[in-house]
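> Dropping a structure here in structure tokens format, bear with me for questions.
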Amino acid sequence: MKKLFLAVMLVAGGLNLMAQDGTEAEFRKWALTPPMGWNSWDCYYSTVNEKITMANVRAQKRKLLKYGYDYVVVDIRWYADHPSNGGGWYNQTNPDCRLDEYGRYIPSPTRFPKGFKWMADSIHRMGMKFGIHIMRGLPKYILDNPSAYKLKGAEDVSWDKVYTSTTPECTWLQDNLTIRNNKYGQLYYNSIVDLYAEWGVDFIKVDDISRPYATEEINMLRKAIDQCGRPIVLSLSPGKTAYDKVDDLHQKANMWRMMDDLWDKWSNVKDVFAEAAHWAEHHQPGCYADCDMLPLGQISMTVGDEGYCNADGGRRTNLTEDEQYTMMTLWGICHSPLFFGGDVTMMDNKTLRLLTNEDYLNMHAYGVEARQILNEKGRIQWTSLDPATGDRYLALFYTDAGNGWIFDDQALFASETCAYTTQGHKVNVDVALPKGTRMLALVVDDAGDGFSYDHGDWVNPTLIMEDGSKRALTGDMMKEKYTNSFYNVVRENTNVLGTGKMSVMGKTYDRGFSTDANALMIFELPEGVARFTAIAALDDSGVGQSGATTSIKFYVFDRDPRLTEDNAVQEADHTVDLVGLGYEKGQKVTAYDVWNDGARIGTFADSECTQTVNRHGAKLLRLVAERSGSNTLTLQTASDGVGSYLVTATVDGSVDDHSYVKFYMDDEFVGTVKVEPGTNSVAYHARKLSEGRHTFKAQYSGTVTTPTCEAEPVSIEVGTSVSQIGASEDGMLDVKVGNGGVEIKTVPYANVRIYRTSGVMDSTVVADSYGRATAMLDRGIYIVNANRSSSTVMIK
Numbered sequence: 001m002k003k004l005f006l007a008v009m010l011v012a013g014g015l016n017l018m019a020q021d022g023t024e025a026e027f028r029k030w031a032l033t034p035p036m037g038w039n040s041w042d043c044y045y046s047t048v049n050e051k052i053t054m055a056n057v058r059a060q061k062r063k064l065l066k067y068g069y070d071y072v073v074v075d076i077r078w079y080a081d082h083p084s085n086g087g088g089w090y091n092q093t094n095p096d097c098r099l100d101e102y103g104r105y106i107p108s109p110t111r112f113p114k115g116f117k118w119m120a121d122s123i124h125r126m127g128m129k130f131g132i133h134i135m136r137g138l139p140k141y142i143l144d145n146p147s148a149y150k151l152k153g154a155e156d157v158s159w160d161k162v163y164t165s166t167t168p169e170c171t172w173l174q175d176n177l178t179i180r181n182n183k184y185g186q187l188y189y190n191s192i193v194d195l196y197a198e199w200g201v202d203f204i205k206v207d208d209i210s211r212p213y214a215t216e217e218i219n220m221l222r223k224a225i226d227q228c229g230r231p232i233v234l235s236l237s238p239g240k241t242a243y244d245k246v247d248d249l250h251q252k253a254n255m256w257r258m259m260d261d262l263w264d265k266w267s268n269v270k271d272v273f274a275e276a277a278h279w280a281e282h283h284q285p286g287c288y289a290d291c292d293m294l295p296l297g298q299i300s301m302t303v304g305d306e307g308y309c310n311a312d313g314g315r316r317t318n319l320t321e322d323e324q325y326t327m328m329t330l331w332g333i334c335h336s337p338l339f340f341g342g343d344v345t346m347m348d349n350k351t352l353r354l355l356t357n358e359d360y361l362n363m364h365a366y367g368v369e370a371r372q373i374l375n376e377k378g379r380i381q382w383t384s385l386d387p388a389t390g391d392r393y394l395a396l397f398y399t400d401a402g403n404g405w406i407f408d409d410q411a412l413f414a415s416e417t418c419a420y421t422t423q424g425h426k427v428n429v430d431v432a433l434p435k436g437t438r439m440l441a442l443v444v445d446d447a448g449d450g451f452s453y454d455h456g457d458w459v460n461p462t463l464i465m466e467d468g469s470k471r472a473l474t475g476d477m478m479k480e481k482y483t484n485s486f487y488n489v490v491r492e493n494t495n496v497l498g499t500g501k502m503s504v505m506g507k508t509y510d511r512g513f514s515t516d517a518n519a520l521m522i523f524e525l526p527e528g529v530a531r532f533t534a535i536a537a538l539d540d541s542g543v544g545q546s547g548a549t550t551s552i553k554f555y556v557f558d559r560d561p562r563l564t565e566d567n568a569v570q571e572a573d574h575t576v577d578l579v580g581l582g583y584e585k586g587q588k589v590t591a592y593d594v595w596n597d598g599a600r601i602g603t604f605a606d607s608e609c610t611q612t613v614n615r616h617g618a619k620l621l622r623l624v625a626e627r628s629g630s631n632t633l634t635l636q637t638a639s640d641g642v643g644s645y646l647v648t649a650t651v652d653g654s655v656d657d658h659s660y661v662k663f664y665m666d667d668e669f670v671g672t673v674k675v676e677p678g679t680n681s682v683a684y685h686a687r688k689l690s691e692g693r694h695t696f697k698a699q700y701s702g703t704v705t706t707p708t709c710e711a712e713p714v715s716i717e718v719g720t721s722v723s724q725i726g727a728s729e730d731g732m733l734d735v736k737v738g739n740g741g742v743e744i745k746t747v748p749y750a751n752v753r754i755y756r757t758s759g760v761m762d763s764t765v766v767a768d769s770y771g772r773a774t775a776m777l778d779r780g781i782y783i784v785n786a787n788r789s790s791s792t793v794m795i796k
């Protein structure tokens with residue numbers, strides 16, 4: 001019955017029931033909280049260099065490091081002397097990519113003259129960590145002179161044993177070849193990760209690997225990192241990452257992208273809500289669904305490269321202040337990694353204040369049970385719990401029903417962002433129409449970074465009638481069109497330029513409509529239409545132009561979807577249902593405004609609290625309940641005799657469904673473990689400890705109605721003859737496995753606690769006057785703890 005209850009709660013509440021108790025996979029401990037830092041892509045695309053990077057590093061150390069922003073990530077094509085044709089458009093003709101003798105990319109000496117080893121060492125001395133972007137696969141440039149390069153570890157093997165084909169699979173950057181899933185492919189991945197480890201890399205962002213999901217190469221990268229001898233956080237891009245890969249992600253990656261590249265456009269930010277709500281159900285500490293970087297401050301710059309691209313000073317973010325608060329609030333409460341995308345040296349005080357709110361950062365790093373609890377007519381609510389205090393965070397959003405020019409939430413069909421990075425440059429549309437539909441509206445929406453060349457096609461648009469017959473959707477059915485774009489045209493059966501047929505990745509089409517975003521076509525339909533089908537695609541006339549970074553969303557409506565100032569609602573009221581959040585009826589709860597320096601809003605009960613939120617805006621509240629009674633928390637440590645320690649936290653008081661213990665070692669956070677009702681005890685497994693003294697602390701959240709508390713610290717000595725300060729001299733504990741259980745011999749009347757490897761206590765027994773006790777256990781692995789000693793046993 002207990003197992004059934006937990007399963008129901010997981011499905012219904014979307015809660016994270018996975019303990020962070022020291023038994024999780026080692027790579028997950030390298031990111032105990034969501035990674036934070038700076039990434040060069042949003043501000044400099046592929047053109048960043050050593051001078052700019054180090055200027056940002058120094059500014060990051062001064063402005064952001066003390067708040068936890070400790071990663072510095074150099075993004076794409078650091079190995080190319082001439083990476084760009086301007087903006088986000090890659091130079092794929094003559095980039096002059098640099099390789100070493102083993103066919104591994106090395107930093108461009110013209111852009112990074114001192115190399116990445118020097119850069120990593122410099123960053124480490126400042127107390128920060130260094131990361132790089134890579135494309136999956138093997139450099140195709142090896143094919144120019146295969147004999148000039150050797151596979152490290154198998155120097156006599158030919159390169160065709162390493163790659164699958166001489167044609168790159170990636171549609172948007174054709175630098176690399178796919179690697180075979182064999183011992184030679186693994187050797188190559190081992191060799192590049194070993195090189196990165198030698199440089200001092202702490203973080204690898206791997207692109208063209210999570211959409212489509214490259215299972216074999218992800219597995220090879222996991223193995224390569226695990227064998228390199230250095231903790232390296234693994235981030236996967238781009239999105240949208242398939243939902244059904246969640247189990248593999250939890251075993252292989254620290255981060256993966258929810259969706260395609262996000263830019264400073266409201267529709268991009270709004271799209272994240274649905275993805276974040278899904279991934280919240282699968283959150284596990286050390287594994288984070290990534291909303292993408294924060295396009296704030298000064299972005300979209302290009303470093304000039306004579307003969308290849310012009311310098312561009314970029315722009316300030318297009319997101320309004322309200323939209324910036326919405327983005328930060330959502331990213332924080334759903335535990336997305338936080339990577340600032342603007343130039344740190346140009347950061348204004350408003351942006352700095354947004355990034356460094358300490359209560360917000362506490363929620364982002366340590367909050368538990370994060371989930372969406374309301375999504376209704378643009379009013380969205382999320383909540384999470386502070387496991388140290390028992391306080392609850394409540395995020396209130398008003399996205400309204402529009403993306404700036406259409407009511408996108410009324411769409412019968414809405415595509416993901418279809419970009420020049422999208423496989424096939426198209427999406428299939430097959431949508432059922434409500435019975436009696438007589439109006440059809442097709443929208444091509446600029447969902448990207450504001451660049452032009454967003455040429456979209458509706459290819460072979462077809463009406464499926466109720467009797468199963470098909471009828472082409474043609475221009476004589478169009479009764480209205482609207483455009484707000486570069487060309488401001490809608491064409492039938494030709495491309496936007498009027499120079500030929502519609503064309504998608506070289507394949508031409510005779511029938512359909514083409515336009516450039518933003519554009520709307522409204523059709524009057526005959527009676528009896530049941531479905532609408534088409535191919536929604538990026539036309540080559542846009543994608544193929546120099547400088548294009550095409551990105552489009554396609555929509556289908558059964559009404560005119562346009563949003564105007566007359567029909568847009570500028571603000572919305574949120575009623576806060578405190579009882580629905582888990583508080584007792586009549587219980588007093590004080591609300592504080594996190595974004596307003598924690599200002600007190602008022603004290604409320606039940607549904608007395610109403611908050612007004614601006615259109616596209618957000619509010620973030622900390623809710624502090626009146627609680628009574630008392631709880632105490634006691635820590636105890638025990639050695640397993642092989643260099644690991646069990647740190648047990650026992651609650652004397654009340655436990656409910658939202659009770660947690662937050663553990664620290666040597667004043668550093670190490671994990672949060674849920675206390676199950678009826679157990680009153682949890683454990684943290686401290687492994688691979690360095691020699692010397694280690695001190696453990698813990699905080700208990702309390703319950704909804706009883707207060708938080710802290711334990712007295714306990715210390716251990718590792719690598720000496722003293723296993724625990726203040727421990728009993730004998731530390732006697734002998735455990736034998738019997739039929740369906742264990743026989744225990746310890747000191748008389750000792751309390752014996754038996755834990756599962758998740759840290760949750762399974763049962764307790766008390767030894768008799770001879771120090772004997774027995775316990776019946778199901779099959780599994782257990783830790784038996786008594787008299788400040790512990791023993792691990794397996795029941796078969």
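Mapping to my numbering: the sequence shown position 216 is 216, numbers consecutive. Every residue gets a Cβ at the ideal spot worked out from N, C-alpha and C, and that includes glycine.
1) So the candidates are T474, W38, L138, D156; which of them puts its Cα closest to the Cα of Q174?
2) If you reduce the DSSP assignment to three classes, tell me which class G542 lands in.
3) Could you tell me the distance, in whole angstroms, from the CA atom of N488 to the CA atom of T171?
4) Assess contact between the segment 244–255 and the segment 295–302, defined as three or more Cβ pairs (one per stretch) separated by less than 8 Å. Is contact present?
5) So, are the CB atoms of V579 and L440 less than 9 Å apart?
6) State whether the segment 561–569 contacts the segment 591–601, with contact taken as three or more CB pairs (one from each stretch) at a distance under 8 Å.
7) Have a look at I552, I299, N362 and flag the residue whose alpha-carbon is nearest the alpha-carbon of S425.
8) Less than 8 Å between the CB of G307 and some heavy atom of the ligand ADP, yes or no?
9) Looking at C-alpha atoms only, which residue of T533, M119, S790 is the closest neighbour of K736?
10) Look up K426 in the DSSP assignment and say whether it is helix, strand or coil.
11) By the 10 Å Cβ neighbour count, where 16 or more other Cβ atoms means buried, how is D430 classified, buried or exposed?
12) For M126 and R62, I'd like the C-alpha separation in whole angstroms.
13) Can you list, in chain order, the residues of its chain with a C-beta nearer than 8 Å to that of E712? Leave out the 5 residues immediately preceding and following it.
14) Between the segment 224–240 and the segment 198–214, do three or more beta carbon pairs fall short of 8 Å?
15) In the DSSP assignment, the beta strand (DSSP E) including P557 goes from what residue to what residue?
16) So what does DSSP say about E321, is it helix, strand or coil?
17) Per DSSP, which residues does A31 bridge with? Please list them.
18) Tell me where the beta strand (DSSP E) around R627 begins and ends.
19) Please work out which residues of its chain come closer than 8 Å, Cβ to Cβ, to K140, disregarding the five sequence neighbours upstream and downstream, and give them in chain order.
20) Any idea if V569 is buried or exposed, counting beta-carbon neighbours within 10 angstroms, 16 or more meaning buried?
21) So within the segment 57–136, which uninterrupted beta strand (DSSP E) runs reach at least 3 residues, ignoring any that extend past its ends?
22) Could you check how far apart the C-beta atoms of S659 and T708 are, in whole angstroms? I think they sit under 8 Å.
23) Exposed or buried, which one is L4 when buried takes at least 16 other CB atoms within 10 Å?
24) Relative to the alpha-carbon of R392, which residue among L621, R353, E691 has its alpha-carbon at the smallest distance?
25) Tell me the start and end of each unbroken beta strand (DSSP E) in the segment 439–491 that is at least 3 residues and wholly inside, in chain order.
26) Which class does D762 belong to by DSSP, given the choice of helix, strand or coil?
27) Mind checking whether A274 and C334 have CB atoms under 9 Å apart?
28) Near H455, which residues of its chain fall below 6 Å by C-beta distance, leaving aside the five closest residues on each side in sequence?
29) Could you pull the DSSP bridge partners for G741 from this structure?
30) Under the three-state reduction of DSSP, which class applies to Y393: helix, strand or coil?
31) Looking only at its chain, what residues have a beta carbon closer than 8 Å to the beta carbon of S267, apart from the 5 residues adjacent to it on each side?
32) Whole angstroms is fine: what's the gap from H124's alpha carbon to V206's?
33) Can you name the start and end residues of the beta strand (DSSP E) that H694 belongs to?
34) Could you tell me which whole beta strand (DSSP E) segments of length 3 or greater appear in the segment 584–621?
35) Does the Cβ of D768 have 16 or more other Cβ atoms within 10 Å, making it buried, or fewer, making it exposed?
36) Which stretch, first to last residue, makes up the alpha helix (DSSP H) that contains Q251?
With the given structure in hand:
1) Position 174 of the sequence shown, counted from the start, is the residue given in the question as residue 174. Answer by Cα proximity: L138.
2) Within the sequence shown, the letter at position 542 stands for residue 542. In the structure shown, G542 sits in a helix (DSSP, three-state: H, G or I).
3) For the purposes of this step, residue 488 is identified with residue 488 of the sequence shown, where counting begins at 1. For the purposes of this step, residue 171 is identified with residue 171 of the sequence shown, where counting begins at 1. N488 and T171 have their C-alpha atoms spaced approximately 28 Å apart.
4) Too few Cβ pairs lie closer than 8 Å, so no.
5) The residue labelled residue 579 in the question sits at position 579 within the sequence shown. The residue labelled residue 440 in the question sits at position 440 within the sequence shown. Against a cut-off of 9 Å, the Cβ pair of L440 and V579 comes out as no contact.
6) Taking a cut-off of 8 Å for Cβ pairs, the segment 561–569 and the segment 591–601 do not touch, as fewer than three such pairs fall below it.
7) For the purposes of this step, residue 425 is taken as residue 425 along the sequence shown, with counting starting at 1. It is worth fixing the name first, because residue 425 is His in this sequence and not Ser. For the residues I552, I299, N362, the minimum Cα distance to H425 belongs to I552.
8) By its list of ligands, the structure shown contains no ligand whatsoever, and the ligand ADP lies outside what it can speak to.
9) Residue 736 sits at position 736 when you count from the first residue of the sequence shown. Of the candidates T533, M119, S790, the residue whose Cα lies closest to the Cα of K736 is S790.
10) Locating residue 426 in the sequence shown gives position 426, counting from the first residue. Of the three classes helix, strand and coil, the one that applies to K426 here is strand, per DSSP.
11) Along the sequence shown, one-based indexing puts residue 430 at 430. It is exposed - the Cβ of D430 has fewer than 16 other Cβ atoms within 10 Å.
12) As a working note, residue 126 is residue 126 in the sequence shown. As a working note, residue 62 is residue 62 in the sequence shown. When rounded, the distance between both Cα atoms is 10 Å.
13) For the purposes of this step, residue 712 is taken as the residue at position 712 of the sequence shown. Shown here for E712: same chain residues with a beta carbon closer than 8 Å to its own, the five before and five after excluded, namely T634, L635 in chain order.
14) Note that the segment 224–240 touches the segment 198–214; at least 3 beta-carbon pairs, one per stretch, sit closer than 8 Å.
15) Translated into positions along the sequence shown, residue 557 becomes position 557. The amino acid occupying residue 557 in the given sequence is Phe; Pro does not appear at that position. Where F557 is concerned, the enclosing beta strand (DSSP E) starts and stops at 551–557.
16) As a first step, residue 321 must be located in the sequence shown, where it is residue number 321. For E321, the three-state secondary structure derived from DSSP is helix.
17) Counting from one through the sequence shown, the residue named residue 31 turns up at place 31. Note: A31 sits in no beta bridge, so no partner.
18) Working through the sequence shown from its first residue, we reach residue 627 at position 627. Counted as a single uninterrupted DSSP element, the stretch harbouring R627 is not any beta strand (DSSP E), since DSSP gives it neither H nor E.
19) Against the sequence shown, residue 140 aligns to sequence position 140. Within the same chain, T166, P168, Q174, D175, N176, L177 come within 8 Å of K140 by CB-CB distance, once the 5 residues on both sides are set aside.
20) In the sequence shown, residue 569 corresponds to position 569, counting from 1. Exposed.
21) For the segment 57–136, whole beta strand (DSSP E) runs of length 3 or above, ordered along the chain, are 71–74, 84–86, 129–135.
22) For the purposes of this step, residue 659 is identified with residue 659 of the sequence shown, where counting begins at 1. For the purposes of this step, residue 708 is identified with residue 708 of the sequence shown, where counting begins at 1. Contact between S659 and T708 does not hold, since their C-beta atoms are separated by about 10 Å, which reaches or exceeds 8 Å.
23) For the purposes of this step, residue 4 is identified with residue 4 of the sequence shown, where counting begins at 1. Confidence is the limiting factor: at L4 the pLDDT is only 28, short of 50, which leaves the residue's position unreliable and the question unanswerable from this model.
24) What you label residue 392 is simply residue 392 of the sequence shown in a count that begins at 1. The shortest Cα separation from R392 among L621, R353, E691 belongs to L621.
25) Fully contained in the segment 439–491 are the following beta strand (DSSP E) runs of length 3 or more, in chain order: 439–446, 455–465, 470–472, 478–483.
26) Looking up residue 762 in the sequence shown gives position 762. Per DSSP, reduced to three states, the secondary structure at D762 is strand.
27) Counting from one through the sequence shown, the residue named residue 274 turns up at place 274. Counting from one through the sequence shown, the residue named residue 334 turns up at place 334. With contacts defined by Cβ atoms closer than 9 Å, A274 and C334 do not form a contacting pair.
28) Looking up residue 455 in the sequence shown gives position 455. Setting aside the 5 residues that flank it on each side, H455 is surrounded in the same chain by V496, D516, D539, S541, G542, each with a C-beta closer than 6 Å to its C-beta; the list follows chain order.
29) The residue you call residue 741 lines up with position 741 of the sequence shown. Partner residues in the beta bridge of G741, as assigned by DSSP, are G738, M776.
30) By 1-based counting over the sequence shown, the position of residue 393 is 393. Reduced to three states, the DSSP call for Y393 is strand.
31) Translated into the one-based positions of the sequence shown, residue 267 becomes position 267. If we look at S267 and ignore the five residues flanking it on each side, its Cβ neighbours are N403, G404, D408, D445, A447, K553.
32) Numbered from its first residue, the sequence shown carries residue 124 at position 124. Numbered from its first residue, the sequence shown carries residue 206 at position 206. The straight-line gap from Cα to Cα measures roughly 22 Å.
33) Taking the sequence shown and counting its residues from 1, the one referred to as residue 694 is at position 694. The continuous beta strand (DSSP E) containing H694 extends over residues 692–700.
34) Uninterrupted beta strand (DSSP E) stretches at least 3 residues long and entirely within the segment 584–621 occur at 589–593, 599–604, 609–614, given in chain order.
35) Translated into the one-based positions of the sequence shown, residue 768 becomes position 768. By the 10 Å Cβ count, D768 comes out exposed.
36) Along the sequence shown, read from residue 1 onward, the residue named residue 251 stands at position 251. Q251 -> alpha helix (DSSP H) spans 246–252.
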